[in-house]
Amino acid sequence: MQKNIILAGVGGQGILTIAAVIDWAALNGGLEIRQAEVHGMSQRGGAVQSHLRIADHELFADLISLGTADLILSVEPLEALRYLPYLAPGGRVVTSLEPFVNMPGYPAMEEILSELGKTDRPVLVNAAELARQSGSARASNMVMLGAAAPFTGIGTERLEAGIEALFGGKGREIIDINIMAFRLGQQLSNT
Amino acid sequence: MNRQLLLGAEAVAQGAIDAGISGVYAYPGTPSTEITEFIQRSKEAREHGVRSSWSTNEKTAYEAALGMSYAGKRSLVCMKHVGLNVAADAFINSAITGVNGGLVLAVADDPSMHSSQNEQDSRFYGKFAMVPVLEPSSQQELYDAMFHAFELSESVELPVIVRMTTRLSHSRAGVVRRKALEQNALLAEYAPDRYVLMPHNARVQYRHLLELQPLLEELSESSFLNQPVQGLGPVGVIAFGIGYNYVMEARLAYGIGCRVLKIGQYPLPRPQVNELFEACDTVLVVEEGYPVYEELFRGYFGSSKVRGRMDGTLPRAGELTTDLVAAALGVEPPARAAVPGIVVNRPPELCKGCGHRDMFDAINIVMKEHKENHVFSDIGCYTLGALSPYNAIHTCVDMGASITMAKGAADAGLSPAVAVIGDSTFAHSGMTGLLDAINDRTPITVIIADNDTTAMTGGQHSSASGSKLVDICRGLGVDERHIRLIVPLKQHLEKNVAVLREEFDYDGVSVVIAQRECIESAAKKKRRAAATGQ
């Protein structure tokens, strides 16, 4: 088993929280992990990405090769498109539909949707709406993780255990909201 | 097997803690910051009294680390590649004095310049100083290499460099820890013939350093960081540091069976290198950074055997990837999608609500009133003032250069001559430049953007902010009437513009301190207070 996952977003959107849950689940499942992050200047509202690789055998490179990503998980729709050269044939794009506009020239949503539509069965998520349903607008990243869960190669139970572990210090209510968010996201990909 | 998921930088930190350091000294700089931050957060480090607060700059950090080593204890000093330029004087000369307790310099290079102004290769410094350099290829190797580095440093009595690059420093993997070592006891010995670098001592010490070189080579031959990988065929690869990962990944992905020599400890192990060159018709040199060893292998008159960055087999600049290495080994790139044309760039920007925004608004208004409106600036979040919509600064070269470049331009006749520098950068390298201006009575205005933190690297403690900055400027000799405090807020715009206008017009050294807490640090403080219920 080997999964190459590109996590994409804008600096400050918290894609590393998603990475941390997958990391926890993979580590506890005895898998090998490499997860490259972007720190520094780009974190100030620039485009950020994380290369996450998990496998049941030794991994060497911290970076994913072009054309080999099984999944692009983006918390911003334009950012999902930025990394398409990494997508493998048959790889899947799961993205939030909420634009983060902080630069001139941001394209029209129809154009973005049209480009996303050219990929293989893209999973398009109204993450903010589902997060609110789960009890907190801040849980949108867990909605996104839920929607992408079937493509991560890691079982739902283990991912939920990862959420429990990661949010454990914040009390039962926060954990439950994030688990709920995860499940609402997951229903999108299961139906 | 209990694995901890660590960034490369954190593996260095955990390795150093477990290898028994008594202190870490550092100035923040991407991609090295997380080493020191990890030690600052580490419960074990705290329990063992490992000192870990931030230094004013890389030079003070390096010298303090050398002092701790002099006293017999193990010390770690961390910086980014360009930070080593600042510490270079201390570093190069510490190879002449040698060390007592183990002294390890962890330096993180930034090829492709993700957060830097150049992609200089710290291995050059290792060669320059003639000290051992370790370049591990994985997080686990980084951890293990820290034990090895301290042992090596104490056995040859030299500082040892552990070099890594952005991708390794900022990538996580599972790391298995070893049993931690005790710290060294305090043991300061009088050794003025080593440590007093007057010429008669330095000559002897330098000869000693030269005589050590064959031993250093020998130690590389048996290092666990230098390993041959069996293979076949006329093409061999010599893979340095993280370059090894891309070579092995390409081998695995495309079924390439070539010989590989993995290098992770310098000086080079001669017999292993000779063996590879003898067995192969061509050798691909895969280095992350400059073609330091490729140039050596080619020699002045060239060699038809060598492939690498210098003949275009790999690109001359920028970091490596599996794709680049695979292509260099003759693999056709697989089909891939293009980035759709509608995808525009998303450059970084100053945070919404950041005080620097209001400061630049005020500067821009006053600068427009002048025919010449150059603003010399520096390294920090406020460097983003160079981008649209502000386009407010016109230089950013190295730490502290805003003040000294403004001074030189003023000497040449430029008026107004304005510098914009952050509080932490001012403490790092701005004070001496300001003293030059005061001694010369140069008409410059220094705007210190004081947000009470080292913000760009994630909000580390600043060595000088608030009233300390005022005291420093006064102490250096700035006329008290021309040390002005402003608060960069929208509602103060008019007032701030008036202050800047007055000081730009003043014929002497003036300092305007724009004081407003970084909104990121303020938010962090609030979150922390909420979490602890205070």
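Chains as they are written, first to last, in the numbering used here: chain A, 9 to 199; chain B, 124 to 657.
Even glycine gets a Cβ: it sits at the ideal position worked out from N, Cα and C.
The structure presented is a predicted model; accordingly, all values stated were derived computationally and were not measured.
If you look at Met371/B, you'll find it in the alpha helix (DSSP H) that goes Gly366 to Tyr377. The three-state secondary structure of Leu355/B, taken from DSSP, is coil. For the pair Ile284/B and Val256/B, the CB atoms are nearer than the 9 Å cut-off. CA-CA distance, Gln137/B to Cys381/B, rounds to 35 Å. For Ala173/A, none of the residues of chain B pass the 7 Å Cβ criterion, the least Cβ distance being about 12 Å.
Counting C-beta atoms within 10 angstroms of its own C-beta, Val462/B has fewer than 16 neighbours from the protein chains shown and is therefore classed as exposed.
When secondary structure is reduced to three states using DSSP, Gln51/A falls in the helix class. Using a 10 angstroms sphere on the CB of Ser588/B, the tally of other CB atoms reaches 16 or more, which defines it as buried. Within chain A, the residues whose beta carbon sits less than 8 Å from that of His237/B are Val46, Gly48, Met49 and Ser50, listed in sequence order.
The C-beta of Val622/B comes no closer than 9 Å to any C-beta of chain A. Per DSSP, Glu312/B lies in no beta strand (DSSP E) and is assigned neither H nor E. The criterion of a C-beta distance shorter than 9 Å is satisfied by Val370/B and Val448/B. The Cβ of Glu181/A sits no closer than 9 Å to any Cβ of chain B. Within the stretch 580–651 of chain B, the beta strand (DSSP E) runs of at least 3 residues that lie entirely inside it are, in chain order, 606–609 and 633–638. In chain order, Met554, Leu557, Leu558 and Ile561 place their CB closer than 7 Å to the CB of Leu599/B, counting only its own chain and leaving out the 5 sequence neighbours on each side. Within the same chain, Cβ atoms closer than 6 Å to the Cβ of Gln263/B are found at Val298, the five residues on either side in sequence being excluded.
Among the residues of the stretch 65–76 of chain A, those with a Cβ less than 7 Å away from any Cβ of chain B are Phe68, Ala69, Asp70, Leu71, Ser73, Leu74 and Gly75, in the order of the chain.
Beta-bridge annotation (DSSP): Gln10/A is paired with Ala63/A.
Neighbours of Asp446/B in chain A, taken as residues whose beta carbon is under 8 Å from its own, are Ser73 and Leu74 in chain order. Shown here, Pro470/B sits in coil according to DSSP, grouped into three states, outside any helix or strand. Residue state for Ala303/B is assigned as coil, using DSSP reduced to three classes. Taking 9 Å as the threshold, the shortest C-beta distance from Asp31/A to chain B falls below it. Only His293, Ser294, Arg295, Ala296 and Gly297 from the stretch 292–316 of chain B bring a Cβ to less than 7 Å from some Cβ of chain A. Neighbours of Asn149/A in chain B, taken as residues whose beta carbon is under 8 Å from its own, are absent, since the nearest beta carbon is some 17 Å off. Residue range Arg246 to Ala252 is occupied by the alpha helix (DSSP H) that includes Ala252/B, with no beta strand (DSSP E) assigned at that position. In the DSSP assignment, Asp78/A falls within the beta strand (DSSP E) that extends over Ala77 to Ser82.
Pairing Gly17/A with Thr160/A, the inter-Cα distance amounts to about 18 Å. Per DSSP, the unbroken beta strand (DSSP E) holding Ile41/A starts and ends at Glu40 to Ala44. Scanning Val29/A, Ile72/A and Val109/A for the CA closest to the CA of Asn12/A turns up Ile72/A. Gly53/A counts as buried, since no fewer than 16 other beta carbons sit within 10 angstroms of its beta carbon. Residue range Ile144 to Ala149 is occupied by the beta strand (DSSP E) that includes Tyr148/B. Within the same chain, Cβ atoms closer than 6 Å to the Cβ of Arg439/B are found at Arg432, the five residues on either side in sequence being excluded. Across the stretch 448–472 of chain B, CB contacts with chain A closer than 8 Å involve Ala449, Pro456, Pro457, Ala458, Arg459, Ala460, Ala461, Val462, Pro463, Ile465, Val466, Val467, Asn468, Arg469, Pro470, Pro471 and Glu472, in sequence order along the chain. Contact check for Gly163/A against Ser197/A fails: the beta carbons are separated by 9 Å or more. Ile570/B places its beta carbon less than 9 Å from that of Ile636/B. Pairwise C-beta distances place the stretch 396–411 of chain B out of contact with the stretch 94–104 of chain A, as fewer than three of them are shorter than 8 Å.
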